[in-house]
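Below is one structure, written out as structure tokens; comments come after it.
Protein chains: 2
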Amino acid sequence: MADSAMTVRYAVVVTIGVFLLKSCSGEETDIKLDKKAQLLHRLDSLNLLLYTFLLILTVLTIWTFKHRRLRFLHETGLAVIYGLIVGAIIRYGFTNSSTIVHMPVVPEPDGSHYNQSVPPDTLWLRFPESKGDGTTKNKTFAYSFRGEIYKRDNEIDLKATFDPEIFFNIILPPIIFHAGYSLKRKYFFRNLGAILTYALIGTTISSFVIGALMYTFIQLIPHLASSFTFLDTLYFGALISPTDPLTIISIFNDLHVDVNLYALVFGESVLNDAVAIVLSGSIQNYAERYQSGSGGFETWAFFQALGDFIRIFSLSLFIGATMGCVTALLTKFTRVRDFPLLESALFVLMSYSTFLIAEASDLTGVVAVLFCGICQAHYTYNNLSVDSRQRTKQLFELLNFLAENFIFSYIGVSMFTFPKHHFDPGFIFAGFFCALLGRAVNVYPLSFLLNLGRNPKIPSNYQHMLFCAGLRGAMSFALAIRNTVSDARQAMLTTTSLIVILTVILQGGATTQFLSWFNIPVGVDEEVEVLSYNGVRSGGSLSMGGSTSKTNEKALLARIWGNFDTHYMKPLLTHSRPTLLDTLPVCCGPLARILTTTQQMTQDNVARRMDSDSDLCLEDRDTDRRRTSIQPLGTVTGEVSPGQQPLHTRVALPGLIGRHL
Amino acid sequence: MADSAMTVRYAVVVTIGVFLLKSCSGEETDIKLDKKAQLLHRLDSLNLLLYTFLLILTVLTIWTFKHRRLRFLHETGLAVIYGLIVGAIIRYGFTNSSTIVHMPVVPEPDGSHYNQSVPPDTLWLRFPESKGDGTTKNKTFAYSFRGEIYKRDNEIDLKATFDPEIFFNIILPPIIFHAGYSLKRKYFFRNLGAILTYALIGTTISSFVIGALMYTFIQLIPHLASSFTFLDTLYFGALISPTDPLTIISIFNDLHVDVNLYALVFGESVLNDAVAIVLSGSIQNYAERYQSGSGGFETWAFFQALGDFIRIFSLSLFIGATMGCVTALLTKFTRVRDFPLLESALFVLMSYSTFLIAEASDLTGVVAVLFCGICQAHYTYNNLSVDSRQRTKQLFELLNFLAENFIFSYIGVSMFTFPKHHFDPGFIFAGFFCALLGRAVNVYPLSFLLNLGRNPKIPSNYQHMLFCAGLRGAMSFALAIRNTVSDARQAMLTTTSLIVILTVILQGGATTQFLSWFNIPVGVDEEVEVLSYNGVRSGGSLSMGGSTSKTNEKALLARIWGNFDTHYMKPLLTHSRPTLLDTLPVCCGPLARILTTTQQMTQDNVARRMDSDSDLCLEDRDTDRRRTSIQPLGTVTGEVSPGQQPLHTRVALPGLIGRHL
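Keeping their order, the protein sequence lines are chains A and X.
In terms of the working numbering, the first sequence has 178 at position 178, counting the first letter as 1, and numbering is strictly consecutive.
Count along the second sequence from 1, then add 661; that gives the number in the working numbering.
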């Protein structure tokens, strides 16, 4: 995107550096360049200041809202609205005084002819400068590659915009990591089957349905039909399908919504972000292959794209999980916990390197970081010192808060200031309609299918709530703003921005209302919930949660994993009991001894629980419970009487996220 | 700097964005560009990964060192050494496979002639692309301004380097803010006179002495004499004068060195960073004015530069202090402390906006952020909720740790990979000699002068330690790498890098040894220190600290400020007692009532102390103590008997910094 202020920012600050000294030689050009660079640096600081100011404003308003217990507008909604207001002020309140000067150039005629098929990385421009005494002197300036220009008259506007890649490389990773790190794993794993179905299958279906529908719509509108290909609309489907975890979840947190619904909504929206980013990448790869094979190998390209999707997703997952486990091993086998600052630094660095490793291997950093976060929470967190637990939790909570509000402010501001919007009422209308339909196609049929195999069914009011929780957010916007070269892409960006803004403000604001319409239990403690759930289930209206009383295929899978996790992964990666000495076969004794720490051996089970914080308690109890129901699995199923469950799961657990907010 | 990977990074990621879609049109150039962009993005991730890996390695090694109680090498020294090793591996282990392609260009002949004196911001290159069917199609690519090229043969090397401005805009601010935020204000204010003398006057003297000496040296070496002006050497003096707070302070922390020495070393090195950055800026401004006035107005330019120095320093200070106070007011008069996450976010945003406001007003963000940090610690910190106190402390501690180790790793790596080093043995030798001498000129004469007016004298062993604590660090390096256009600047960078590396490794490593040579009391708790100090002073060997027993001019100034602070600033900005109702004249009653919170009125003094953490206790007791010795100031001086002091200052206070490390 040629219009990214950040790119300019770097060019600018570099320029300052170069010219600060050079200006000592006192030539007119240098001083002017210096002035110009300083001006640009200042504008740039102002630009960042604008967003900082917006965030401060948002924070103060959120506080007022929370203080007065107003719930009709959520913080992300607020950030968007402030963004819109400020964006409008910038757009219409100021005239653009600093214009960018372009110069068309051609290769030097006497130079060796350039015959590569790729444009050069840098251009060197010899620039004649008139000196005071009437002579001229040639200077050489370097220019670096920015991108292709499609419309020569498209003025590059620097107002309050950033390089879209900033979202992918700086804003999204902490948000996604925090999502993984703060996942309530107990309920997540309990509803894993449903979550994976919604996220993996649902998002894919939704993308294809939206893609197909949009394509049909567009054929009806003549002026659009020419500029959109089916791949374009499919890409639109992929980018508009992921739902946003931020807004809805922080409302759920405030209201203490039923934990199973919470797990479904949160788990799905976190995972479908990951699915969408890989899916959209695969669609682009497909497009590339399809085109380069000049139309001959569509089926092959399709399978390649499918392979890409599976490969990228699973490898990214693998890298994330591995790095999480490596961190767990590092924190387990070194006594780095004696120095909490070092420990926290190690934790942050390992997590960040996960993102970088995935990106450097051409995989998807966001997906890797998500699963790294889950592993860090599941294993490493238990090894950390109390100080580091708190520090890492609070750090990522804060980063997440800032990043999330920044992105929503930016969505608001960019609606007015981003120069590449393309308002097409037909496309916008179709987009809204398809986004709603896509969400419905995701939720209802899959819930029906899930309920066939699932013993504690997903009741219809939960399904409605899942449908209504389908706000679009940061990921859709980030994917949309990444490519704005063609009219089609610009129309997509505009539509996506509008969908995000409206769903966040309207659906987000109406969430409390939805919850009461659909009779979703709110204000329940997790402890109370399990009890009330039992009571309610016997009344027949709710049938979620505590699903281990009867087994089905998915529960079996989850149990096998749970069993493996309790017996091998946790003993290996954390200080938890039982140790590998207990769980590994006798022949592996020496190995088990090496992999078991003194702390693990000597600690008392009770002391351990006292020592660890509630999240670990959750895990311990959870796995205790799971073990009691899993161990006799080979012979007897469904042997644990349902009556025992509430006792086992009656743990008061302050979750990781939103503890205070 | 044309060779900054970050600039390229942004260009690259932008390119990816642009070409991901465009590649769908399947033309050969696009696909190649896409591939290239992906490759560059990958290299870029690898580059960051390298530093992340270095930091992880450093963290693990530091842990081992701390674990085994090895003190001969400090963490920053370690980071530098690892950096050097990895830098050497990169330099000699890999051959540069991806070369940058340059193309000399001239303005389009038929275009309107460009007759501004400033080179254009963007170049548009029409690039012929051969299509499959033998025809060619012209595409237009945009190139953005990077800087001037001095030697055409100077290959731009992208290996493991960053834009130098990154240091100023991303790495330094958290380090400097943390320094201000973690300042032990009690001892800082007690030694304020000495600290200001060393930092303001000392750094300036040192800069000029080094500048003059270097200039003399250079006249003796013929091949250097032509390329250095006196302003160049003066600039070198300014950039090599600031000492580094990081290494020495974390050693002092580990060893619990006497708090007054700690305050002197820390206070001086924090402030002289601020002084150096403004000083070097003023020298450049002077150079600019001097040159543009074509040699006629040197005196005038000198006074302008002096005015600049004072204006920039005091305005930056003012902005920083104001923003700190505004944050204090915000946290005092809103109940945002009920939502610690919001409160922490507000704190971070306000602090960051201080930096941006200063930068946007053409002042020095680093100085503003330093004083903002001091005010935040002095006022805002007391209003924060317990959660936010911890969170902000821990956050900045972590950021500081990461930033500081990153910069030292980078110093190491860049020694080998930064393409603009210029090794000149003469200059390097002169640089080392002058740096030592400059430090001596700063410490000894000023200590002598200070001791004339100062009742508790600075003993000679403390002076020696101050001399030996003069490591150079992040600020010198950041200032040196900012400008590397000429041979002179490149020689300065090389010399500065070497001085930083050697002082950090050798002086840093020998600090423990120095402390024992100079008989500096170590292993003292602050509580114990005050007692032992009293005992030692009666023995005549130490005469620091507790300087309020006799007054001198500087102490008077400090007392007036302390009095004002206790009576007006703290009651206004924090919840502390006495309230403004007690301290303001009766006529201001209504105003005072508005500015006094219920919390402030209702709280019990004892409960208040129980509630607040040790740092506030420090403040409370400190101001209590100060009040008792200040209030009778108008009539009787020196009335407080020295015997009472230890009782008053006997507070065990775990300081902010290095609490765990």
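The beta-carbon is built from N, C-alpha and C at its ideal position, and this holds for glycine as well.
Since the structure is predicted, the reported quantities are computational estimates derived from the model, not experimental observations.
Checklist entry - Relative to chain A, which residues along the region 1003-1023 of chain X have a C-beta separation below 9 Å, given in chain order? => result Within the region 1003-1023 of chain X, Leu1003, Glu1004, Ser1005, Ala1006, Leu1007, Val1009, Leu1010, Met1011, Tyr1013, Ser1014, Phe1016, Leu1017, Ile1018, Ala1019, Glu1020, Ala1021, Ser1022, Asp1023 place their CB atoms closer than 9 Å to a CB of chain A, listed in sequence order.
Checklist entry - Beta-carbon separation of Ser930 (chain X) and Gly898 (chain X) under 8 Å? => result It is not a contact, given that the beta carbons lie outside the stated cut-off.
Next on the checklist: Can you confirm whether Thr216 (chain A), when its beta carbon is compared against all beta carbons of chain X, has any partner nearer than 8 Å?
Outcome noted: The beta carbon of Thr216 (chain A) sits no closer than 8 Å to any beta carbon of chain X.
Checklist entry - Residue range of the alpha helix (DSSP H) that Met764 (chain X) falls in? => result It is not in any alpha helix (DSSP H) - Met764 (chain X) instead sits in the beta strand (DSSP E) that spans 763-768.
Checklist entry - Can Glu359 (chain A) and Ile175 (chain A) be called in contact, C-beta distance under 8 Å? => result A distance of 8 Å or more separates the beta carbons of Glu359 (chain A) and Ile175 (chain A).
Next on the checklist: Can you give me the C-alpha to C-alpha distance between Ile879 (chain X) and Thr864 (chain X), rounded to a whole angstrom?
Outcome noted: One C-alpha to the other measures close to 22 Å.
Next on the checklist: Comparing C-alpha positions only, which one of X:Ser1022, X:Glu1004, X:Thr1156, X:Tyr1013 sits nearest to Thr1041 (chain X)?
Outcome noted: That would be X:Glu1004, whose Cα lies nearest to the Cα of Thr1041 (chain X).
Checklist entry - Are the Cβ atoms of Val504 (chain A) and Gly473 (chain A) separated by less than 8 Å? => result For the 8 Å CB-CB criterion, Val504 (chain A) and Gly473 (chain A) form a contact.
Item to check | chain X within 8 Å of Met323 (chain A), Cβ atoms only | outcome: No - not a single Cβ of chain X is within 8 Å of the one on Met323 (chain A).
Checklist entry - For the region 908-928 of chain X against the region 1173-1182 of chain X, are there 3 or more C-beta pairs whose distance is under 8 Å? => result With the cut-off at 8 Å, the region 908-928 of chain X and the region 1173-1182 of chain X touch.
Item to check | Contacting residues, own chain, Cβ-Cβ under 8 Å from Ala558 (chain A) (five flanking each side not counted) | outcome: So the qualifying residues of the chain are Phe189, Arg190, Leu192, Gly193.
Checklist entry - Given a limit of 7 Å on CB to CB distance, which residues of the region 725-745 of chain X reach chain A? => result Answer set for the region 725-745 of chain X: Lys727, His728.
Item to check | Close-in-space but distant-in-sequence residues of the same chain around Leu317 (chain A) (CB under 7 Å, 5 per side omitted) | outcome: So the list reads Val367, Phe371, once near-sequence residues are dropped.
Next on the checklist: Does any residue of chain A have a CB that is nearer than 8 Å to the CB of Asp1050 (chain X)?
Outcome noted: Rather than Asp, the amino acid found at residue 1050 (chain X) in this sequence is Arg. Arg1050 (chain X) does not count as touching chain A.
Next on the checklist: Can you pull the chain X neighbours of Met103 (chain A), defined as C-beta to C-beta under 9 Å?
Outcome noted: What Met103 (chain A) touches in chain X: Pro768, Glu769, Gly772, Tyr775, Pro780, Pro781, Asp782, Thr783, Leu784, Trp785.
Item to check | Short CB-CB distance (under 8 Å) between Tyr1042 (chain X) and chain A | outcome: No, Tyr1042 (chain X) does not count as interfacial toward chain A.
Checklist entry - Where does Ser45 (chain A) fall in DSSP's three states? => result It is helical.
Next on the checklist: I want to verify the contact list: residues of chain X whose CB lies under 8 Å from the CB of Ile56 (chain A), in sequence order.
Outcome noted: For Ile56 (chain A), the residues of chain X that pass the 8 Å Cβ criterion are Leu1007, Leu1010, Met1011, Ser1014, in the order they occur in the chain.
Item to check | Outcome for Ala179 (chain A) when other beta-carbon atoms lying within 10 angstroms are tallied against a minimum of 16 | outcome: The residue in question, Ala179 (chain A), is buried, as its Cβ has 16 or more Cβ neighbours within 10 Å.
Next on the checklist: Mapping the DSSP letters down to three states, classify Ser911 (chain X) as helix, strand or coil.
Outcome noted: DSSP places Ser911 (chain X) within a helical segment (H, G or I) once states are collapsed to three.
Item to check | Complete alpha helix (DSSP H) runs within the region 878-949 of chain X (minimum length 4 residues, chain order) | outcome: Correct list: 883-886, 891-901, 906-916.
Item to check | Nonlocal neighbours in the same chain, by C-beta distance under 7 Å from Ala1149 (chain X), ignoring five residues either side | outcome: The residues are Ser888, Phe889, Asp893.
Checklist entry - At what residues does the alpha helix (DSSP H) containing Tyr352 (chain A) begin and finish? => result Where Tyr352 (chain A) is concerned, the enclosing alpha helix (DSSP H) starts and stops at 340-360.
Next on the checklist: Counting only Cβ pairs nearer than 7 Å, list the residues of chain X close to Arg335 (chain A).
Outcome noted: Close partners of Arg335 (chain A) in chain X (Cβ separation under 7 Å): His728.
Item to check | Reduced DSSP secondary structure (H/G/I, E/B, other) of Ser385 (chain A) | outcome: Looking at Ser385 (chain A) - three-state DSSP - the assignment turns out to be coil, as it is neither helix nor strand.
Item to check | Under the three-state DSSP convention, the category Thr988 (chain X) falls into | outcome: When secondary structure is reduced to three states using DSSP, Thr988 (chain X) falls in the helix class.
Item to check | Extent of the continuous alpha helix (DSSP H) to which Asp582 (chain A) belongs | outcome: DSSP places Asp582 (chain A) inside the alpha helix (DSSP H), whose first and last residues are 580-583.
Item to check | Distance, Ala592 (chain A) Cα to Thr602 (chain A) Cα | outcome: Rounded to the nearest angstrom, the two C-alpha atoms are 15 Å apart.
Next on the checklist: Restricting to runs no shorter than 4 residues, where is the alpha helix (DSSP H) found entirely within the region 839-881 of chain X?
Outcome noted: As far as the region 839-881 of chain X is concerned, its whole alpha helix (DSSP H) runs of at least 4 residues are 846-851, 853-857, 864-881.
Item to check | Below-8 Å beta-carbon distance, Phe141 (chain A) vs any chain X residue | outcome: Output row for Phe141 (chain A): interface = yes.
Checklist entry - Under 8 Å between the Cβ atoms of Val720 (chain X) and Leu346 (chain A)? => result Yes; because the gap between Cβ atoms is below 8 Å, this pair is in contact.
Checklist entry - Can you find a CB in chain X that lies within less than 8 Å of the CB of Ser144 (chain A)? => result Yes, its Cβ sits closer than 8 Å to a Cβ of chain X.
Item to check | Beta-carbon proximity of Pro173 (chain A) to Val369 (chain A), cut-off 8 Å | outcome: A contact, by the Cβ cut-off of 8 Å.
Next on the checklist: By the 7 Å beta-carbon criterion, what residues does the region 1054-1069 of chain X contribute toward chain A?
Outcome noted: Correct list: Gln1055, Leu1056, Glu1058, Leu1059, Phe1062, Leu1063.
Checklist entry - Taking Cβ-Cβ distances shorter than 7 Å, what residues in chain X pair up with Ile62 (chain A)? => result Neighbours of Ile62 (chain A) on chain X, chain order: Leu1003.
Checklist entry - Where does Ala1232 (chain X) land, buried or exposed, given buried means 16+ other C-beta within 10 angstroms? => result First, the residue type needs correcting, since residue 1232 (chain X) is Pro and not Ala in the sequence shown. By the neighbour-count rule (16 or more Cβ atoms within 10 Å), Pro1232 (chain X) is buried.
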